[in-house]
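Residue numbers (the working numbering): 80 to 450.
All C-beta atoms in this analysis are idealised placements derived from N, C-alpha and C, irrespective of residue type, glycine included.
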């Protein structure tokens, strides 16, 4: 009887980790922003962070805030940790050379701490952005396959039976553009499909319009085994927001709040960052902006596309305006902060010090917690 119960518990754990169509909270590298008050207000059950691996040369993995935070919340929420190996200045090292040994050592620090404790471990963050275009050849694949195989071997040796941690490869970017569907991305998906220990692939559709996400979904689902799923730990139409930044802000809004009549959208956002607005003022800015108002149900609509595939395990959406989004904000700054469920930098905090909701996203986020 005890053996049967143990087996059932293991199956339940696996089922939870492979949740069909779940929506959670993405914090990227900003572990300092994780706040259970926000998560509980939104009904979120999943938390995603990424760990920038070269930082482990300065901070041991056991002391790194991303690792400590993901382990802290793993008892209360389902968790995803992506491992980021940036290669923006040099080509990928070959297996067996000292540089590869150094980077493999980063992985060796992390695996004993998180294996069996996080629900999903993603090998890679954005390999096809965190590298130079001229280096995005099969050397990239060899590098990430070596890291994945090392994680697979560690799990087999230390967390073989009913392991809580599922392995994903991640993440693919801008597959809506033909130039990014290459021999390397084909091999990426071939490795995913051929490797039984890999549960699927991560995608990051940050796009100018929602329709491009269908190309992502179709591309990866056609190249995986039937039992595999995709996750989308980042997604948005930030490239659409970006196109609006230099346009004139709504005239009625500027008059109502006595702002300069010639202000551009980016200048209104910068003003809110410099002196956070009351929530009604921030809401009015976005509600009176047709480019935003027409897309205020993007989150609902995007999740519908993901879920319609029948192959989504979990998606996590930008949850809180972070320091990296607001630093030196100008007309050319990518306005990631418009994606955030919580407007912690453009809106004054609540009386208890917690972050205020942003405009539009919270109701749909809550509704999407239902199966």
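What are the residues that DSSP puts in a beta bridge with residue i?
i	result
residue 393	101
residue 163	131
residue 280	248 and 309
residue 157	125
residue 421	399 and 436
residue 210	166
Under 8 Å, do residue i and residue j count as touching if we go by C-beta distance?
i	j	result
residue 435	residue 375	no
residue 325	residue 304	no
residue 248	residue 277	yes
residue 202	residue 162	yes
residue 294	residue 254	yes
residue 371	residue 378	no
Quick one: grab the DSSP three-state call for residue i.
i	result
residue 430	coil
residue 343	strand
residue 143	coil
residue 189	helix
residue 286	coil
residue 199	strand
residue 271	helix
residue 436	strand
residue 398	coil
residue 232	helix
residue 315	strand
residue 93	In this predicted model, residue 93 has a pLDDT of only 43, less than 50, meaning its place in the structure is not dependable; the value taken from the coordinates is given anyway. Looking at residue 93 - three-state DSSP - the assignment turns out to be helix.
residue 327	strand
residue 45	One cannot answer for residue 45 here, as it falls past the ends of the chain, which runs 80 to 450.
Can you find the residues in the same chain that come closer than 7 Å, C-beta to C-beta, to residue i, ignoring five residues on each side of it along the sequence?
i	result
residue 190	230 and 233
residue 308	97, 278, 279, 390, 391 and 392
Using the C-alpha atoms, what's the distance from residue j back to residue i?
i	j	result
residue 395	residue 380	14 Å
residue 180	residue 437	44 Å
residue 345	residue 143	34 Å
residue 124	residue 393	11 Å
residue 243	residue 409	43 Å
residue 245	residue 204	16 Å
residue 441	residue 261	37 Å
residue 369	residue 263	39 Å
residue 286	residue 311	13 Å
residue 314	residue 411	20 Å
residue 319	residue 288	7 Å
residue 301	residue 338	51 Å
residue 158	residue 330	44 Å
residue 215	residue 130	22 Å
Here's a check: name, in chain order, each residue in its chain whose Cβ is nearer than 6 Å to the Cβ of residue i, leaving out the five neighbours to either side.
i	result
residue 152	126
residue 188	135 and 140
residue 419	397, 399, 400 and 437
residue 448	122
In its own chain, which residues sit with a C-beta less than 8 Å from the C-beta of residue i, not counting the 5 before and 5 after it?
i	result
residue 427	355, 356, 357, 358 and 435
residue 172	178, 179, 182 and 222
Measuring only between beta-carbons, confirm whether residue i sits less than 8 Å from chain C.
i	result
residue 303	This model lacks chain C altogether, as it is built from one protein chain only.
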